[in-house]
Amino acid sequence: MAYYRQLGNVPPKRHTQHRDDSGRLYYEELMGEEGFSSDSSLLYHRGIPSAISGSSIWEVPDQTTTPNHPLEPRHLKLHELFPAGSWAETDVVTGRRLLLANSDVRISYVVAAKESPLYRNALGDELVYLESGAARVETVFGALEARRGDYVVLPTSTTHRWIPQGNEPLRAYAIESSSHIVPPKRYLSRFGQLLEHAPYCERDLHGPREVLLAEGTDIEVLVKHRASRGIVGTRMTYPRHPFDVVGWDGCLYPYTFNIDDFEPITGRVHQPPPVHQAFEGNGFVVCNFVPRKVDYHPLAVPVPYYHSNVDSDEVMFYCGGNYEARKGSGIDLGSVSVHPGGHAHGPQPGGMERSLGLEYVEETAVMVDTFAPLELGEGALACEDPGYAWSWLGEASA
């Protein structure tokens, strides 16, 4: 996100001496994407950021997957994964249960009430959507205050931890990329500014407001990273707290964006999913379906037409309101539908007729479309509705 920010104490010119009041040098660290060829920020540490005093194996949550074979549309009931009270000792990092995955993206779900360990994802950016609850997300760049409906965007290798706030558990839908997650290119100027036709702008993005300067010694950080056998974890120990940054500046940093700040694009006839797009990564896109006025042609059919996503799998997380096209399918709040490439999908029986004359929809959903097939994680297998694949039969068999 090429949107410059500066926080805390930085020198007037980069790569020059920067000292504290006693004359001691701060340690400059470049965090940059694509080597030295894309967005970056410069952080100024009190201690050497490379210094570690220990390294051991961390067993990451179960990452095994099962092919969607034989091919079926799927319905996952996420609220069944964490029964009431079971989340009291669960945190947002180690408690994630894998739902769907391919080599480009992994989607997990967690309900948590416990503070997470310090964590760094070295595989790619994370986009974590808060279905409910609130959290303080402390990062090496400073703290973010996150609430219901927020996306928390965490660039690759950002050391951070999740601290749930209030009495309500934190329900988080985590989209972990193997690349970087950015706004759609068509909404950006050639210099990186969000354009006038974009459904959100820089005013809707909220980064840290102050540096943290935490103290401590022998601090453990869980690191998720690549190895020849797939995704693995390492527990690194630092002699001093990594949140020792006195200042930073640049165009790479974590931020929040609330789904309620997404301004829907509508038309006289039904608009295709790309108008709902909010983010993209290599091999996938993320779309927001929000409350909006629907198609206003006098003969419009306000629900989606049947469509075959021949080049993609479509994953919809239903997190607010009432989704007209899925009535009668068993889908409700907390549901995820998986409509794979190779299968035509659309409204449930009777959905088209019920929608005629509709002027407004009250719905909130997060959609991920992938361009490589998704496999099912252990979380998906544990909460699947086995009857969903046959839910279109009614009128079709009459």
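Counting from 1, one number per residue, gives the positions in the sequence shown under our numbering.
Here a beta-carbon is modelled for each residue, glycine too, at the ideal position from N, C-alpha and C.
If you're wondering where the values come from, they're calculated on a predicted model, not measured in any experiment.
Each residue's CA atom was taken as its position, placing residue 203 and residue 390 some 45 Å apart. Contact annotation: the region 366 to 382 touches the region 276 to 294, with at least three C-beta pairs closer than 8 Å.
A straight line joining the alpha-carbon of residue 160 with that of residue 269 spans about 44 Å.
The beta-bridge partner set that DSSP reports for residue 348 is empty. Residue 52 sits close to residue 238, with the two beta carbons spaced by under 7 Å.
DSSP places residue 275 within a helical segment (H, G or I) once states are collapsed to three.
With a minimum length of 4 residues, there is no unbroken run of alpha helix (DSSP H) contained wholly in the region 211 to 256. Bounds of any beta strand (DSSP E) do not take in residue 384, whose DSSP letter is neither H nor E. For residue 213 and residue 245, the gap between their C-alpha atoms comes out near 6 Å. With a threshold of 16 other beta carbon atoms within 10 Å, residue 227 falls short and is exposed. By a beta-carbon distance limit of 8 Å, residue 207 does not contact residue 14. Their separation comes to about 19 Å. Minimum Cα-Cα distance from residue 154 among the listed residues 134, 148, 129 and 167 corresponds to 129. Distance from the Cα of residue 156 is smallest, within the candidate group 378, 77 and 177, for 177.
Between residue 131 and residue 173, the C-beta spacing is below 7 Å. A contact is defined here as three or more CB-CB pairs under 8 Å, and the region 53 to 70 fails this definition with respect to the region 260 to 276. Cβ-Cβ distances below 6 Å link residue 334 to 78 and 79 in the same chain, with the five nearest sequence neighbours on each side left out; the list follows chain order. Counting the other Cβ atoms within 10 Å of the Cβ of residue 84 gives fewer than 16, which makes it exposed. A straight-line Cα-Cα distance of about 33 Å links residue 170 and residue 192. Residue 201 and residue 188 have their alpha carbons spaced roughly 10 Å apart. Only exposed fits residue 59, as fewer than 16 other CB atoms lie within 10 angstroms of its CB.
Rounded to the nearest angstrom, the gap between the Cα atoms of residue 330 and residue 38 is 45 Å. Selection 279, 100, 249 and 361 evaluated against residue 256 yields 279 as nearest (Cα-Cα).
In this structure, DSSP gives residue 106 an extended state, which the three-state scheme calls strand.
Straight through space, the alpha carbons of residue 44 and residue 8 are spaced by roughly 9 Å.
In the three-state reduction of the DSSP assignment, residue 133 falls in the coil class. Per DSSP, residue 200 lies in no beta strand (DSSP E) and is assigned neither H nor E. The shortest CA-to-CA distance from residue 42 to any of 252, 50 and 142 is the one to 252. Counted as a single uninterrupted DSSP element, the stretch harbouring residue 266 is not any beta strand (DSSP E), since DSSP gives it neither H nor E.
By the beta-carbon neighbour count (other beta carbons within 10 angstroms, threshold 16), residue 267 is exposed. The Cβ-Cβ distance between residue 328 and residue 364 does not fall below 7 Å.
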